[in-house]
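A.B. asks: For the sequence shown, position 28 (counting from the first letter as 1) is numbered 28 according to the UniProt record's numbering, and the numbering increases by one without interruption. C-beta atoms are modelled at their ideal positions from N, C-alpha and C, and glycine is treated no differently. Pasting a structure here, questions to come.
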Amino acid sequence: MATALAYRTPLLSESSSIISTSSSSESEESPATSQRYNDFQLLNLQIKISRIPNIPCTNFHSYKSLAVLSGHVGTVSCLALCGEFILSASQGKDIIVWQQPDLRQFTKFGTGDGFVKALVTVGNKVFTAHQDSRIRVWKVSRRSENVFRLIDTLPTTKDYLGKFMKQSNYVQTRRHHKKLWIEHADSISCLAVCNGYIYSGSWDKTLKVWRISDLKCLESIKAHDDAINGLVCSSKNGVVFSASADGKIKAWGKEGKSCGGTHSLKGILEGHKDVSLNSVVVSEDGNFVFGGGSDGYLMGWVGNKNLDSWKLVCEVKAHGMAVLCMCLMKGEFLCSGSADKSICIWKREINEGLFRVGVIKGHEGPVKCLQASPVSVGGGFMLYSGSLDKSLRVWWIPNYSDEKKETTLIQVCTVL
1 MATALAYRTP LLSESSSIIS TSSSSESEES PATSQRYNDF QLLNLQIKIS
51 RIPNIPCTNF HSYKSLAVLS GHVGTVSCLA LCGEFILSAS QGKDIIVWQQ
101 PDLRQFTKFG TGDGFVKALV TVGNKVFTAH QDSRIRVWKV SRRSENVFRL
151 IDTLPTTKDY LGKFMKQSNY VQTRRHHKKL WIEHADSISC LAVCNGYIYS
201 GSWDKTLKVW RISDLKCLES IKAHDDAING LVCSSKNGVV FSASADGKIK
251 AWGKEGKSCG GTHSLKGILE GHKDVSLNSV VVSEDGNFVF GGGSDGYLMG
301 WVGNKNLDSW KLVCEVKAHG MAVLCMCLMK GEFLCSGSAD KSICIWKREI
351 NEGLFRVGVI KGHEGPVKCL QASPVSVGGG FMLYSGSLDK SLRVWWIPNY
401 SDEKKETTLI QVCTVL
């Protein structure tokens with residue numbers, strides 16, 4: 001393992017790559033909705049969607065379990081990767097930085113600042129979204145690289161003071177209650193970063209846009225009819241995709257200066273009726289999107305040239321319970337984590353088909369978040385999974401060859 005991961009990057013350096021996580025809702029304090037899952041429901045749900053038959057396959061166990069990291073006091077809610085470091089956060093209000101290749105605990109911060117729902121890294125800063133509807137900004141201390149300082153909270157005091165006196169800046173959040181439009185009115189469930197902006201999605205159904213340079217809130221979009229569960233941004237074209245409990249994924253594009261540089265709705269990706277979409281990922285070229293549903297299905301949409309029209313082209317019954325998280329590796333492999341405690345590995349085909357090439361079992365609770373990174377020596381990729389069992393697990397996944405495709409139980413995404 002040490003040779004396979006022999007790379008080193010300064011902690012959260014300016015050149016560090018940005019990898020964010022999107023996740024579904026799970027808090028007990030969220031408003032009730034038929035498509036929303038909290039920890040108790042995920043761990044105790046008895047009414048399960050019919051499971052995929054358990055047919056033996058010789059290559060199912062070709063992955064390797066490398067480590068089980070158990071430093072969190074609460075359920076692991078989100079992950080982010082930054083160079084040689086793994087950042088994991090939990091509902092125990094703690095954020096842990098793990099260092100590779102030995103996977104030791106490098107430092108811990110954030111204790112006491114509320115349940116952490118999502119996190120992203122930008123340069124030498126970490127942005128964390130919390131159940132208290134705030135985003136906190138952390139920075140590595142100049143004196144010690146294993147000390148993180150809280151430098152600001154969004155919306156910032158400056159932003160708040162500049163708007164609170166004007167009545168037109170207030171919006172109705174519920175009966176007899178108003179908030180400034182720059183404030184989220186419910187838990188922030190997901191974050192994404194792209195082209196100098198941070199995007200936050202919330203159970204209050206809004207999508208907000210924050211400028212990283214000055215931490216100012218630029219836009220608040222009434223994006224969905226129910227809670228937003230996942231966000232992802234295409235680095236190719238800057239289009240933001242939001243997944244919601246209303247069963248839709250929406251594509252948002254930034255217009256030119258003539259339109260004030262604001263985001264507008266480009267397209268709507270329709271999922272199954274009465275099914276919450278809990279997670280969303282986008283291909284490297286930005287024109288293929290996968291969504292994970294509460295019915296255990298993975299769905300795929302392809303967009304036209306302008307990305308203003310989307311067609312559902314494939315769907316597959318992936319899990320026996322809700323899909324809670326997904327990640328893409330090299331654009332070739334799709335990984336899905338579920339409330340059924342399993343992780344499935346899917347290989348994308350030229351015709352946009354999906355072949356299930358592996359199933360990973362080991363977690364004792366629903367799999368809440370996934371991240372992946374390539375391995376430079378020996379091939380394959382590293383997969384990191386966080387669960388409601390309070391553990392973070394590290395796996396090595398091989399590059400499944402065509403000869404090793406699962407043939408006894410083949411899950412095919414067929415063109416519809």
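1) Per DSSP, Ile345 is paired with what?
2) According to the neighbour-count rule (16 or more other Cβ atoms, all chains shown, within 10 Å of its Cβ), is Asn124 buried or exposed?
3) Decide yes or no for the touch test of the stretch 370-380 against the stretch 352-360: beta carbon pairs closer than 8 angstroms, at least 3 of them.
4) If you follow the alpha helix (DSSP H) that Tyr160 is part of, which residue opens it and which one closes it?
5) Among Gly365, Gly296, Ala185, Met382, which has the Cα closest to the Cα of Ser65?
6) In the structure shown, what three-state DSSP assignment does Gln167 receive?
7) Could you tell me which residues DSSP puts in a beta bridge with Phe106?
8) Roughly how many whole angstroms lie between the Cα atoms of Cys233 and Tyr199?
9) Can you give the Cα-Cα distance for Asn399 and Glu349, rounded to whole angstroms?
10) Using a Cβ-Cβ cutoff of less than 7 angstroms, which residues in the same chain neighbour Leu159 once the five nearest sequence positions on both sides are dropped?
11) Using a Cβ-Cβ cutoff of less than 7 angstroms, which residues in the same chain neighbour Asn287 once the five nearest sequence positions on both sides are dropped?
12) Can you tell me where the beta strand (DSSP E) holding His263 begins and where it ends?
13) Can you tell me whether DSSP reads Gln100 as helix, strand or coil?
14) Since I believe Gln99 is in contact with Phe115 (beta carbons under 8 angstroms), could you give me their beta-carbon distance rounded to a whole number of angstroms?
15) Is it the case that the Cβ atoms of Ile221 and Leu207 are separated by a distance below 8 angstroms?
16) Taking the alpha carbon of Val76 as the reference point, which residue from Pro155, Trp395, Gly380, His363 has its own alpha carbon closest?
17) Between which two residues does the beta strand (DSSP E) harbouring Leu191 extend?
18) Quick one: is the Cβ of Asp246 within less than 7 angstroms of any heavy atom of the ligand ADP?
19) Ile397 to Phe164, Cα distance in whole Å?
20) Specify the secondary structure class of Trp181 as computed by DSSP and reduced to three states.
21) If contacts are defined as beta-carbon pairs under 8 angstroms, then Ser235 and Gly253 qualify, I think. What distance do you get, rounded to the angstrom?
22) Taking DSSP as the reference, what is the three-state secondary structure of Trp396?
23) Within the continuous beta strand (DSSP E) that includes Ser90, where are the two ends?
24) Quick check on Gln371: buried or exposed, where buried means 16 or more other Cβ atoms within 10 Å of its Cβ?
25) Can you give me the C-alpha to C-alpha distance between Lys250 and Ser309, rounded to a whole angstrom?
26) Beta-carbon separation of Asp295 and Gly320 under 8 angstroms?
27) Am I right that Thr121 and Cys82 are in contact with their C-beta atoms under 8 angstroms? What's the rounded C-beta distance?
28) Closer than 6 angstroms by C-beta to Ser70: which residues in its own chain qualify, once you throw out the five before and the five after it? Chain order, please.
29) Candidates Leu154, Ala223, Asn237: which alpha carbon is nearest Arg211's?
30) Shortest alpha-carbon distance to Val281 belongs to which of His272, Lys248, Leu328, Leu324?
31) Can you find the residues in the same chain that come closer than 7 angstroms, C-beta to C-beta, to Ile18, ignoring five residues on each side of it along the sequence?
32) Using alpha carbons as the reference points, say which of Lys248, Gly247, Glu255 lies closest to Glu219.
33) Taking only three categories from DSSP, how would you classify Val375?
34) Rank Lys361, Gly271, Ser385, Val359 by C-alpha distance to the C-alpha of Tyr297 and give the top, closest one.
C.D. replies: Well, looking at it:
1) Here residue 345 is taken as the residue at index 345 of the sequence shown, counted from 1. Bridge partners of Ile345: Cys335, Gly358.
2) Position 124 of the sequence shown, counted from the first residue, corresponds to residue 124. It counts as buried.
3) Cβ pair count under 8 angstroms is below three, so no.
4) Along the sequence shown, one-based indexing puts residue 160 at 160. It spans 157-161 - the alpha helix (DSSP H) in which Tyr160 sits, taken as one unbroken run.
5) By one-based count along the sequence shown, residue 65 stands at place 65. Of Gly365, Gly296, Ala185, Met382, the residue nearest in Cα terms is Met382.
6) The count along the sequence shown starts at 1 and reaches residue 167 at position 167. Three-state result, Gln167: helix.
7) Counting from 1 along the sequence shown, the entry for residue 106 is found at position 106. The partner list for Phe106 (beta bridge, DSSP) is empty, contrary to what the question assumes.
8) Position 233 of the sequence shown, counted from the start, is the residue given in the question as residue 233. Position 199 of the sequence shown, counted from the start, is the residue given in the question as residue 199. Roughly 9 angstroms separates the two Cα atoms.
9) Residue mapping note: residue 399 aligns to position 399 of the sequence shown, counting from 1. Residue mapping note: residue 349 aligns to position 349 of the sequence shown, counting from 1. Approximately 14 angstroms, taken between the alpha carbons.
10) As a position in the sequence shown, residue 159 is number 159, starting the count at 1. The residue asked about is misnamed: residue 159 is Asp in this sequence, not Leu. Taking C-beta separations shorter than 7 angstroms and ignoring five residues to either side along the sequence, the partners of Asp159 in its chain run Ile182, Lys216, Cys217, following chain order.
11) Within the sequence shown, residue 287 is the residue found at index 287, counting from 1. Excluding residues within five positions, the ones whose Cβ falls inside 7 angstroms are Val302, Gly303, Leu307.
12) Position 263 of the sequence shown, counting from 1, holds the residue named residue 263. Run containing His263: 263-270, per the beta strand (DSSP E) assignment.
13) In the sequence shown, counting from the first residue as 1, residue 100 sits at position 100. In the structure shown, Gln100 sits in coil (DSSP, three-state: anything other than H, G, I, E or B).
14) Here residue 115 refers to the residue found at position 115 when the sequence shown is read from its first residue. Here residue 99 refers to the residue found at position 99 when the sequence shown is read from its first residue. Actually they are not in contact, since the Cβ atoms of Phe115 and Gln99 sit about 25 angstroms apart, beyond 8 angstroms.
15) Along the sequence shown, one-based indexing puts residue 221 at 221. Along the sequence shown, one-based indexing puts residue 207 at 207. In this structure, the beta-carbon distance from Ile221 to Leu207 falls below 8 angstroms.
16) Residue mapping note: residue 76 aligns to position 76 of the sequence shown, counting from 1. Among Pro155, Trp395, Gly380, His363, the Cα nearest to that of Val76 is on His363.
17) Translated into positions along the sequence shown, residue 191 becomes position 191. Where Leu191 is concerned, the enclosing beta strand (DSSP E) stretches over 188-194.
18) Absent from the structure shown: the ligand ADP. Ligands present: none.
19) If you number the sequence shown from 1, residue 397 lands on position 397. If you number the sequence shown from 1, residue 164 lands on position 164. Spanning the two alpha carbons is a distance of roughly 51 angstroms.
20) Indexing the sequence shown from 1 puts residue 181 at position 181. Of the three classes helix, strand and coil, the one that applies to Trp181 here is coil, per DSSP.
21) As a first step, residue 235 is located in the sequence shown; it is residue number 235 there, counting from the start. As a first step, residue 253 is located in the sequence shown; it is residue number 253 there, counting from the start. Ser235 to Gly253, Cβ: 14 angstroms. No contact.
22) As a working note, residue 396 is residue 396 in the sequence shown. In this structure, Trp396 counts as strand in the three-state DSSP scheme.
23) In the sequence shown, the residue the question calls residue 90 occupies position 90. Run containing Ser90: 85-90, per the beta strand (DSSP E) assignment.
24) Position 371 of the sequence shown, counting from 1, holds the residue named residue 371. Around the beta-carbon of Gln371, 16 or more other beta-carbon atoms lie within 10 Å, marking it buried.
25) The sequence position of residue 250 within the sequence shown is 250, counting from 1. The sequence position of residue 309 within the sequence shown is 309, counting from 1. Going by the C-alpha atoms only, they are around 11 angstroms apart.
26) Within the sequence shown, residue 295 is the residue found at index 295, counting from 1. Within the sequence shown, residue 320 is the residue found at index 320, counting from 1. When the beta-carbon positions are compared, Asp295 and Gly320 stay at least 8 angstroms from each other.
27) What you label residue 121 is simply residue 121 of the sequence shown in a count that begins at 1. What you label residue 82 is simply residue 82 of the sequence shown in a count that begins at 1. About 5 angstroms separates the two Cβ atoms, so the contact holds.
28) Stepping through the sequence shown from its first residue, residue 70 is reached at position 70. Excluding sequence neighbours, Ser70 sits near Ser391.
29) Taking the first residue of the sequence shown as 1, we reach residue 211 at position 211. The candidate whose alpha carbon is nearest that of Arg211 is Leu154.
30) For the purposes of this step, residue 281 is taken as the residue at position 281 of the sequence shown. The residue with the shortest Cα to Cα distance from Val281 is Leu328.
31) Numbered from its first residue, the sequence shown carries residue 18 at position 18. Low confidence applies to Ile18: its pLDDT is 43, below 50, so where it sits in the model is not reliable enough to give any reading.
32) Here residue 219 refers to the residue found at position 219 when the sequence shown is read from its first residue. It is Glu255 whose Cα lies nearest to the Cα of Glu219.
33) Here residue 375 corresponds to residue number 375 of the sequence shown, with the count starting at 1. Val375 carries a coil assignment under DSSP once its states are collapsed to helix, strand and coil.
34) One-based indexing of the sequence shown puts residue 297 at position 297. Nearest C-alpha to Tyr297 among Lys361, Gly271, Ser385, Val359: Gly271.
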